[in-house]
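Chains as they are written, first to last, in the numbering used here: chain E, 1 to 130; chain V, 131 to 519; chain Z, 520 to 769. Note that the Cβ used here is the ideal one computed from N, Cα and C, for glycine as well. Keep in mind it's a predicted model, so treat the numbers as computed, not measured. Before any comments, here is the structure.
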């Protein structure tokens with residue numbers, strides 16, 4: 001039952017990011033994959049950061065100083081964007097799997113992304129204000 | 131299963147005739163190889179209006195063709211029920227002249243044993259809401275609809291199950307002679323770019339409208355008249371049953387529903403070369419106008435597909451192509467003083483493909499001294515998908 | 520009126536480098552892209568391999584990619600692609616092994632379809648004019664009983680959805696949109712609870728409905744409005760409901 005291809009099988013995952021159609025469903029699909037990879041990378045970064053704790057209070061305080069820099073806060077906003085997009089898109093896919101919004105998957109995506117945008121703006125304000 | 135000591139028959143062409151012939155011969159225990167230059171059903175069979183004829187269309191002017199149609203129609207319903215739309219057909223009279231034709235039509239149906247039942251105009255309109263409301267009479271007959279590619283692959287899948295080998299994209303470039311008899315073919319395999327020779331005890335030329343090309347390689351003549359017809363497919367299905375005009379076959383007098391479309395058929399003109407026929411716009415316009423008389427709603431239908439292809443009709447002297455009989459004939463070229471080893475099957479329709487296969491297979495068996503009888507009437511066909519197995 | 524167009528056709532044979540050939544063809548105004556391909560074959564290169572049969576979107580054999588998008592060229596009018604004389608690119612479907620030029624090996628598709636037991640006909644359920652017509656008295660003696668009008672399923676098994684699916688592109692073990700849509704049709708048609716359970720079992724698999732990642736490309740590309748994505752979502756709903764029922768039945 002193999003639909004095998006004449007090209008390198010290992011690189012086939014790149015087709016996840018094939019933007020050829022440019023349709024909303026495909027955009028959501030690509031966004032979901034990009035954010036997923038981003039979140040996995042973050043998870044490991046997070047573990048690395050936590051390991052600084054082992055170096056004692058002084059090291060940690062030094063890190064916290066860096067973490068308050070505008071560059072770091074921007075990265076926090078990007079992280080929040082990834083969480084919102086991936087989470088809400090996941091919710092949309094779960095909903096369609098229960099038969100909710102199947103016909104309206106595109107408006108549903110737009111609506112969820114608007115929610116993500118509003119939450120992101122609110123979150124960004126809070127991050128930079130705090 | 132293919133018996134290695136059984137005679138080997140090579141069938142050229144995998145349209146409806148070639149496919150049904152491969153099935154018939156394989157079922158009789160012969161070794162069968164099919165070669166087809168392109169995709170299955172990519173010739174005349176493909177570009178077909180998909181009508182499983184009840185015979186009603188020919189029952190007045192071509193009783194032989196009509197009788198073959200109804201016999202084969204009833205057999206196909208048994209052997210490939212899952213690959214047919216069986217919704218019957220209506221013959222409707224549009225004007226007084228058509229109405230006057232009705233008695234002849236009903237008598238023709240009776241004579242050819244085509245079940246026919248006159249229904250009231252009101253009932254006809256209830257069954258077919260888009261029918262021209264001004265029809266004068268309606269007669270129901272057991273027309274049906276098939277799907278050409280699956281029609282062929284069903285036969286081929288069954289042939290394969292019984293040991294036949296099928297090579298598509300394999301084009302016959304020449305015949306191989308042994309003395310004055312044909313003993314095989316030279317083929318060009320498009321998949322590999324290689325030329326090969328395939329030996330055979332007998333060759334069946336089932337190339338329909340292209341029969342002349344193969345016959346020329348055997349230096350014989352066949353009376354084939356490639357006669358083109360154009361058909362238009364609409365973007366929507368407007369009828370459940372096949373709608374025919376009750377008169378002598380004419381341009382644009384039939385609307386065949388298939389799946390989610392309605393197909394308007396068909397015109398008729400002679401062509402010299404059956405490949406890649408260009409579609410004349412005036413033929414389309416003429417046919418659309420005639421079709422709209424049957425079902426005015428067709429005007430609103432978006433044109434979805436247009437196709438033209440040549441029918442492999444057998445010539446008769448002093449007769450217009452439209453009136454050539456739709457019957458079929460097997461030509462054993464040896465008996466006509468031509469090369470031995472080739473039998474050409476000509477004429478017919480997709481509906482009668484099984485009957486054509488029986489006729490040519492009988493001739494093949496007689497030629498090879500094989501006594502096996504035809505069993506295709508009662509053998510249900512395999513799923514067309516088993517062609518890919 | 521005749522149209523002059525340039526076709527840029529993908530050429531390939533196994534173990535040989537792929538290339539693109541350009542063909543200038545003239546076709547009638549009403550012609551579809553398939554007619555143009557056939558003209559290229561007829562007039563320029565008889566070794567050009569392409570699949571075609573019915574020329575009216577019923578057989579599903581001719582599916583290719585036109586300018587990158589999956590289409591049935593038999594119903595794609597040439598005049599829709601007259602983009603200032605730019606060539607029309609014709610490539611084979613993706614996610615299938617290429618046999619030669621535009622021909623792909625559809626064995627995997629048909630084996631999947633066969634595994635579902637998908638019957639290519641169904642009772643007519645959509646009316647033609649809003650007033651539903653359910654039954655006809657068939658005249659053929661073989662079926663003397665009153666039987667419902669039947670018709671072919673919309674799916675023509677062309678493989679377009681498998682070519683358009685990004686998940687299929689990355690994982691060839693995925694059952695694919697066509698097969699899952701076929702299962703959903705059969706679930707819909709059957710009254711037999713055992714048959715229904717068997718069909719849902721087939722779909723309830725890692726490589727079944729759960730492998731789909733909702734790109735909706737199958738539905739976007741389908742030339743026959745089959746809507747495989749919706750069928751997959753419907754199967755997910757039914758399978759989830761079945762699991763919940765099992766959970767609380769004990």
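Query	Result
Residues bridged to residue 297 of chain V [DSSP beta-bridge criterion]	V/165
Beta-carbon gap between residue 186 of chain V and residue 166 of chain V smaller than 8 Å	no
Cβ of residue 709 of chain Z within 8 Å of any chain C Cβ	In the structure shown, chain C does not exist; the protein chains are E, V and Z.
Simplified DSSP assignment, three categories, for residue 682 of chain Z	helix
Per-residue contacts from residue 356 of chain V into chain Z (C-beta, under 8 Å)	Correct list: empty, because the minimum Cβ distance to chain Z is about 14 Å.
Residue 588 of chain Z, DSSP secondary structure in three states	strand
Residue burial classification, residue 522 of chain V (beta-carbon count within 10 angstroms, cutoff 16)	Any property of residue 522 of chain V remains undetermined from this structure, which presents chain V solely from 131 to 519.
For residue 399 of chain V, the residue or residues it bridges with in DSSP	V/358
Beta-carbon proximity of residue 632 of chain Z to residue 676 of chain Z, cut-off 8 Å	yes
Beta-carbon proximity list for residue 194 of chain V, same chain, < 7 Å, skipping 5 on both sides	455, 457
Inter-stretch contact at 8 Å, needing at least 3 Cβ pairs: the region 301-315 of chain V / the region 468-477 of chain V	yes
Partner residues on chain E for residue 547 of chain Z, Cβ-Cβ distance less than 7 Å	Within 7 Å Cβ-Cβ: nothing; residue 547 of chain Z doesn't reach chain E, min ~31 Å.
Nearest-angstrom Cα separation, counted from residue 581 of chain Z out to residue 613 of chain Z	14 Å
Contacting residues, own chain, Cβ-Cβ under 8 Å from residue 407 of chain V (five flanking each side not counted)	358, 401, 438, 439, 440
Reference residue 596 of chain Z; option with closest CA among Z/667, Z/521, Z/732, Z/680	Z/521
Length at least 3, wholly inside the region 135-223 of chain V: the beta strand (DSSP E) runs in chain order	138-142, 161-165, 219-223
Residue nearest to residue 723 of chain Z in terms of C-alpha spacing, selected from Z/693, Z/744, Z/738, Z/682	Z/693
For residue 428 of chain V, the nearest candidate out of V/363, V/257, V/145 (CA to CA)	V/363
8 Å Cβ cut-off: residues of chain V touching residue 561 of chain Z	405, 406
The region 73-94 of chain E: positions lying closer than 7 Å to chain Z by Cβ	93
Contact under 8 Å by Cβ, residue 702 of chain Z with residue 741 of chain Z	no
Alpha carbon of residue 474 of chain V to alpha carbon of residue 490 of chain V, nearest angstrom	8 Å
Between the CA atoms of residue 274 of chain V and residue 217 of chain V - distance to the nearest angstrom	6 Å
Candidates Z/712, Z/732, Z/670, of which the one nearest residue 689 of chain Z by Cα	Z/732
Nearest-angstrom Cα separation, counted from residue 173 of chain V out to residue 710 of chain Z	40 Å
The region 720-737 of chain Z: positions lying closer than 7 Å to chain E by Cβ	732, 733, 734, 735, 736
Residue-chain proximity (residue 770 of chain Z, chain E), Cβ-Cβ < 8 Å	Absent from the model: residue 770 of chain Z. The displayed extent of chain Z is 520 to 769, so no value can be given.
Cβ distance (whole Å) where residue 495 of chain V is taken to contact residue 487 of chain V below 8 Å	The Cβ separation is near 12 Å, so there is no contact.
For residue 430 of chain V, the first and last residue of its enclosing alpha helix (DSSP H)	Segment: none, residue 430 of chain V is in no alpha helix (DSSP H) and carries neither H nor E.
Within-8 Å CB hit, residue 63 of chain E to chain Z	no
Whole-angstrom distance between residue 287 of chain V and residue 513 of chain V, CA atom to CA atom	7 Å
Residue 42 of chain E at chain Z interface by Cβ criterion, 8 Å	no
Pick from Z/761, Z/687, Z/691, Z/706 that is closest to residue 737 of chain Z, judged by C-alpha positions	Z/687
Partner residues on chain E for residue 755 of chain Z, Cβ-Cβ distance less than 9 Å	96, 97, 98, 99
Rounded straight-line distance, which links the Cα of residue 296 of chain V to that of residue 138 of chain V	13 Å
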